[in-house]
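Student:
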Amino acid sequence: WRDAMAQEIQALEENNTWTIETLPHDKKPVGCRWVYKIKYKANGEIDKYKA
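So the sequence shown is residues 1 to 51, counted in the working numbering.
1) If you measure between the beta carbons of K37 and K28, is that distance less than 8 angstroms?
2) Could you pull the start and end residues of the beta strand (DSSP E) that I46 belongs to?
3) In chain order, what residues of the same chain have a beta carbon less than 8 angstroms from the beta carbon of W18, not counting five sequence neighbours either side?
4) Give the straight-line distance between the Cα atoms of A6 and I46, rounded to the nearest whole angstrom.
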């Protein structure tokens, strides 16, 4: 799963998906979580791990 997570982070960075901002003292950051999925080929073999 670590490779899938690294690929996802790399893609987000390459596409300039976000910018780091300073958070005002009276605000809380929005939470997030990783969602993992295994993609299968038509014959049932594992194709890739997605994160």
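All C-beta atoms in this analysis are idealised placements derived from N, C-alpha and C, irrespective of residue type, glycine included.
Tutor: Based on what the coordinates show:
1) no
2) I46 to K50
3) L12
4) 19 angstroms
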